[in-house]
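A.B. asks: Before I ask anything, let me first share the structure, which is written out below as structure tokens.
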Amino acid sequence: MQEHKLKVSRLDNIFLTRMHWSNVGGLCGMILTLKETGVPKCVLSGPPQLEKYLEAIKIFSGPLKGIDLAVRPHSAPEYQDETMTVFQIPIHGEQANGKHQPAQSPEGPSPEPSPDSGPAEGERHPADGVGQKMHGRDPSLVVAFVCKLHMKKGNFLVLKAKELGLPVGTAAIAPIIAAVKDGKSITFEGREILPEEVCTAPDPRVAFVVVECPDEGFIQPLCESATFRSFQGRAEAPVALVVHMTPEHVLLDSRYQQWMERFGPDTQHLVLNEQCESVHNLRSHKIQTQLGLIHPGIFPPLASLRPQEGRLAPCVPLVRGQCLLKYQLRPRREWQRDAIMTCDPEEFIAEALELPSFQESVQEYRKAVQDGPAPAENRGRYPEVVFLGTGSAVPMKIRNVSSTLVNVSSDASLLLDCGEGTFGQLCRHYGDEVDRLLGTLAAVFVSHLHADHHTGLLNILLQRERALVSLGKPCHPLLVVAPTQLRAWLQQYHNQCQPLLHHVSIIPAKCLQKGAEVSNPKVERLISLLLETCGLEEFQTCLVRHCKHAFGCALVHTSGWKMVYSGDTMPCEALVQMGKDATLLIHEATLEDGLEEEAVEKTHSTTSQAIGVGLRMNAGFVMLNHFSQRYAKIPLFSPDFNEKVGIAFDHMKVSLGDLPTVPKLMAPLKALFAGDLEEMEGRRERRELRQVRAALLAGGDAEPLRKRAPAAQPPSPQSKKVRVQ
């Protein structure tokens, strides 16, 4: 929304069709965005589990102070504002053999629960029917919405009124305007004046419909809905548009097509499903294309998922959704396509090539690589690190939130953190190969429970199972190494929304700390499975200095390489000791040098602090990531940068053999982002000038302001359940 300048400051109502991750996955991030924007209150309408879901997200978001959240149940009276009235229409799916037919969402059918899965040892969870409703989950319910616009009064024609001698410009005109706009005739100086003489015609009532039909079990109840029948055919408020959030196989059902036809030939139909093809992250495509001019192997072009050729023969006026496509309801009903984006790589390339000294710096970089020492012969493709999210706090135009994919081998991979949008990033990176990649995903490490580090996990769990079914592979739980507190969130979502505990086996992160005693045989088995599947000799964790229950990790492969991931932390001695002699350290560098006090306040590291951790660790190479979104394109460089330091970008792909090349990228990167660096340097200089003035006014001396990390570490912070950047 930010990239397309869509403002949320007036968003005070959210309507949800069902409690499924494809519907509610972005809700937590949206609520936090509304809170930060200053929206005082937001009302959520939809299925009855909504209230429980809001309680569940507080497990990791903390108290949602600063915004008043209310839930309007689907059984409540209609919602009305100055524009329209919204009617909620509950639709209950059909039962078969006494059990609800589960909705075949993008995740596909669910496998049998694993005895090694779930939040408690040996606990089993009912998968459907009565068991689901006992837990509060009701997959047989979706909520549709009919939105009826109020009649819009006509405009008063001032010039016409003057011609007729009406007292325009005086207090006497007000009741006249009110009467004619209400469609009433008036008598003025003995003459009757009809409303159409001094007013434009009112815009009649019109309606639009939003409906989700997740599987064939909902088609018949939808067709038999008396409420929908009242809006089909000759309705008081004709339906101008129906939005179908309906999978293709349901759209192809003849019963559903007949239901669509009942609205008549003047109703437009908008389809939002897996067959829609659209680029919505233009900035990301642009920067990746330009970075690819420097090194196309490290910055590969982004892929796009091509939908299969649709077999739907439109029986009604039908349009497939595109990003920024608009439909205007009045004064004239029409599609508006002027804002739809086109992705033109040639335009992106031409723009980069026009930048001063960019081409020269790229040529110099390539010559330096060519003239440099040959890469070590024993460095193969694996491990391969793909940075999927390198920003902090909130997803932005160019940097998504924390997620790093480590391809350990051709058939085993793991994720280091899994922030919101991780699956989308995988789709953009791998395109049609995303299912193959998901089939190799063996484990996820969640460093801590801030939302920007784990809210992509549920979609990964669901999409991975769908991919395994599609590939014809056996379904087995994904191993998740995480703080034990994650279990409560998964349990709540499982109980209230949709079954997923059979998708996951949790290994408490504390059980992988050095010297930890693991007395639970199940956890011991899971740890052994983790090491065996990923070819690891050791997977170790340690507490880091961020919030309560925040961990870093170190992976030691049987072939000898060692990779350390900091998660979010201030400089941490425990991490240094755990990571001694690491081949690669991936360390957060949220803030620039000179902001050490802010880094302590927000429990993060500055650039030089992160590099310093790598030096004390004796790491072979340090990749910096998790940059504040104030450094959207590129962070400010530190004087401590050297031939063993690199900066991460979303969709950057490196193997260990690429690491010596990464520092040589600095010159062309500076040329590509020269304007952004100049602007950030200007901000830093102005900030430092303000600090000097403040110090002088306070009677102190103006010490050098770009401070280094303090030798003595401040005490570890208390839990901070807020998003920081």
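Heads up: the sequence shown is residues 2 to 726, going by this note's numbering. Glycine residues also receive a C-beta, built at the ideal position from the N, C-alpha and C atoms.
(1) Can you tell me which of Asp418, Val447 and Arg467 puts its alpha carbon nearest to the alpha carbon of aspartate 436?
(2) What are the boundary residues of the beta strand (DSSP E) that includes histidine 495?
(3) Can you tell which of Thr604, Leu625, His605 and Lys603 has its C-alpha closest to the C-alpha of isoleucine 612?
(4) Report yes if the CB atom of proline 41 is closer than 9 Å to the CB atom of histidine 75, and no otherwise.
(5) Who are the Cβ neighbours of asparagine 200 in its own chain at under 7 Å, not counting the five residues just before and after it?
(6) For aspartate 69, which of Ile60, Leu33, Val482 and Gln50 has the nearest alpha-carbon?
(7) Classify lysine 563 as buried or exposed, calling it buried when 16 or more other Cβ atoms lie within 10 Å of its own Cβ.
(8) Look up threonine 290 in the DSSP assignment and say whether it is helix, strand or coil.
(9) Excluding the five sequence neighbours on either side, which residues of its own chain have a C-beta within less than 7 Å of the C-beta of serine 62, listed in chain order?
(10) Could you tell me if glutamine 233 is buried or exposed, where buried requires 16 or more neighbouring beta carbons within 10 angstroms of its beta carbon?
(11) Nearest by alpha-carbon distance to phenylalanine 349: which of Arg465, Leu283, Gln50 and Glu95 is it?
(12) State yes or no: is the C-beta of tyrosine 632 within less than 9 Å of the C-beta of methionine 681?
(13) In whole angstroms, give me the CA-to-CA distance for isoleucine 299 and glutamine 89.
(14) Rounded C-beta distance between cysteine 535 and alanine 444? I'm assuming under 8 Å.
(15) Is the CB-CB distance between tryptophan 22 and glutamine 499 below 9 Å?
(16) Would you mind working out which of Cys148, Leu51, Leu142 and Thr542 sits nearest threonine 86, comparing C-alpha positions?
(17) If you run the structure through DSSP and keep just helix, strand and coil, what is proline 509?
(18) In its own chain, which residues sit with a C-beta less than 7 Å from the C-beta of arginine 382, not counting the 5 before and 5 after it?
(19) Residues bridged to serine 46 by DSSP?
(20) For histidine 151, tell me which candidate among Gly553, Glu164 and Phe209 has the shortest Cα-Cα distance.
(21) Pick from Glu193, Gly373 and Val402: whose alpha carbon is nearest that of glutamate 644?
(22) Hey, how far is the Cα of phenylalanine 638 from the Cα of glutamate 686?
(23) Using 9 Å as the threshold, is the C-beta distance between cysteine 324 and isoleucine 341 below it?
(24) With burial defined as no fewer than 16 other Cβ atoms inside 10 Å of the residue's Cβ, what is the status of serine 285: buried or exposed?
(25) Ignoring anything shorter than 4 residues or poking outside the stretch 411-450, list the alpha helix (DSSP H) runs there in chain order.
(26) Which residues does DSSP list as the beta-bridge partners of aspartate 204?
(27) How about leucine 439 and leucine 427: do their beta carbons lie closer than 9 Å?
(28) Cβ of glycine 621 within 8 Å of any heavy atom in the ligand FAD?
(29) In whole angstroms, give me the CA-to-CA distance for glutamate 193 and serine 186.
(30) Check whether the stretch 646-666 touches the stretch 594-603, taking contact to mean three or more Cβ pairs, one atom from each stretch, closer than 8 Å.
(31) When you compare only the Cα positions, how much space is there between leucine 17 and glutamine 81?
(32) Between which residues of its own chain and glycine 621 is the CB-CB distance below 6 Å, once the five residues before and five after are set aside?
(33) The alpha helix (DSSP H) that contains leucine 734, what's its start and end?
(34) Could you pull the start and end residues of the beta strand (DSSP E) that lysine 563 belongs to?
(35) Taking the C-alpha atoms as reference points, what is the distance between valine 407 and proline 384?
(36) Tell me where the beta strand (DSSP E) around histidine 627 begins and ends.
C.D. replies: Working from what's here:
(1) For this step, residue 436 is matched to residue 435 along the sequence shown. Aspartate 436 has its Cα closest to that of Arg467, out of Asp418, Val447 and Arg467.
(2) Numbered from its first residue, the sequence shown carries residue 495 at position 494. Element bounds for histidine 495: not the beta strand (DSSP E) but the alpha helix (DSSP H), 487-497.
(3) Position 611 of the sequence shown, counted from the first residue, corresponds to residue 612. Here the closest residue by C-alpha is Leu625.
(4) Locating residue 41 in the sequence shown gives position 40, counting from the first residue. Locating residue 75 in the sequence shown gives position 74, counting from the first residue. Their beta carbons are not under 9 Å apart, which means proline 41 does not touch histidine 75 by this criterion.
(5) Position 199 of the sequence shown, counted from the start, is the residue given in the question as residue 200. Rather than asparagine, the amino acid found at residue 200 in this sequence is cysteine. These residues qualify, in order along the chain: Gly155, Asn156, Phe157, Leu158, Val181 and Lys182.
(6) Looking up residue 69 in the sequence shown gives position 68. Out of Ile60, Leu33, Val482 and Gln50, Leu33 has the C-alpha closest to the C-alpha of aspartate 69.
(7) In the sequence shown, residue 563 corresponds to position 562, counting from 1. Answer is buried; the Cβ neighbour count reaches 16.
(8) As a position in the sequence shown, residue 290 is number 289, starting the count at 1. Here threonine 290 sits in helix by DSSP.
(9) Walking along the sequence shown from the start, residue 62 turns up at place 61. Hits under 7 Å: Cys29, Leu33, Ala452 and Lys722.
(10) Taking the sequence shown and counting its residues from 1, one reaches residue 233 at position 232. It counts as buried.
(11) Mapped onto the sequence shown, residue 349 falls at position 348. Measuring from the Cα of phenylalanine 349, the nearest candidate turns out to be Leu283.
(12) For this step, residue 632 is matched to residue 631 along the sequence shown. For this step, residue 681 is matched to residue 680 along the sequence shown. Cβ atoms of tyrosine 632 and methionine 681: closer than 9 Å.
(13) Mapped onto the sequence shown, residue 299 falls at position 298. Mapped onto the sequence shown, residue 89 falls at position 88. If you take the alpha carbons of isoleucine 299 and glutamine 89, they lie about 50 Å apart.
(14) Against the sequence shown, residue 535 aligns to sequence position 534. Against the sequence shown, residue 444 aligns to sequence position 443. Between alanine 444 and cysteine 535 the Cβ distance is about 6 Å, and since that is below 8 Å, they are a contact.
(15) Counted from its first residue, the sequence shown places residue 22 at position 21. Counted from its first residue, the sequence shown places residue 499 at position 498. Going by C-beta atoms, tryptophan 22 is nearer than 9 Å to glutamine 499.
(16) Locating residue 86 in the sequence shown gives position 85, where the first residue counts as 1. Among Cys148, Leu51, Leu142 and Thr542, the Cα nearest to that of threonine 86 belongs to Cys148.
(17) Here residue 509 corresponds to residue number 508 of the sequence shown, with the count starting at 1. Proline 509: strand per DSSP, three-state reduction.
(18) For the purposes of this step, residue 382 is taken as the residue at position 381 of the sequence shown. Excluding sequence neighbours, arginine 382 sits near Ser656.
(19) In the sequence shown, residue 46 corresponds to position 45, counting from 1. Partner(s): Phe16 and Arg73.
(20) Within the sequence shown, the letter at position 150 stands for residue 151. For the residues Gly553, Glu164 and Phe209, the minimum Cα distance to histidine 151 belongs to Phe209.
(21) Walking along the sequence shown from the start, residue 644 turns up at place 643. Considering only alpha carbons, the answer is Gly373.
(22) Here residue 638 corresponds to residue number 637 of the sequence shown, with the count starting at 1. Here residue 686 corresponds to residue number 685 of the sequence shown, with the count starting at 1. The alpha-carbon atoms of phenylalanine 638 and glutamate 686 are separated by roughly 14 Å.
(23) By 1-based counting over the sequence shown, the position of residue 324 is 323. By 1-based counting over the sequence shown, the position of residue 341 is 340. Yes, they are a contact pair.
(24) Along the sequence shown, one-based indexing puts residue 285 at 284. That one is buried.
(25) 423-431 and 435-441
(26) The residue you call residue 204 lines up with position 203 of the sequence shown. DSSP, once it has assigned bridges, lists Lys153 as partnering aspartate 204.
(27) What you label residue 439 is simply residue 438 of the sequence shown in a count that begins at 1. What you label residue 427 is simply residue 426 of the sequence shown in a count that begins at 1. Contact: yes.
(28) The model on display carries no ligand, and the ligand FAD is accordingly not part of it.
(29) Locating residue 193 in the sequence shown gives position 192, counting from the first residue. Locating residue 186 in the sequence shown gives position 185, counting from the first residue. The straight-line gap from Cα to Cα measures roughly 7 Å.
(30) no
(31) For this step, residue 17 is matched to residue 16 along the sequence shown. For this step, residue 81 is matched to residue 80 along the sequence shown. The straight-line gap from Cα to Cα measures roughly 17 Å.
(32) Against the sequence shown, residue 621 aligns to sequence position 620. Cβ within range, chain order: Thr584.
(33) Absent from the model: residue 734. The displayed extent of the chain is 2 to 726, so no value can be given.
(34) Indexing the sequence shown from 1 puts residue 563 at position 562. Looking at the DSSP string, the run of the beta strand (DSSP E) that includes lysine 563 is 563-566.
(35) By one-based count along the sequence shown, residue 407 stands at place 406. By one-based count along the sequence shown, residue 384 stands at place 383. In a straight line, the C-alpha of valine 407 is about 7 Å away from that of proline 384.
(36) The sequence position of residue 627 within the sequence shown is 626, counting from 1. Neither: histidine 627 is in no beta strand (DSSP E) and is coded neither H nor E.
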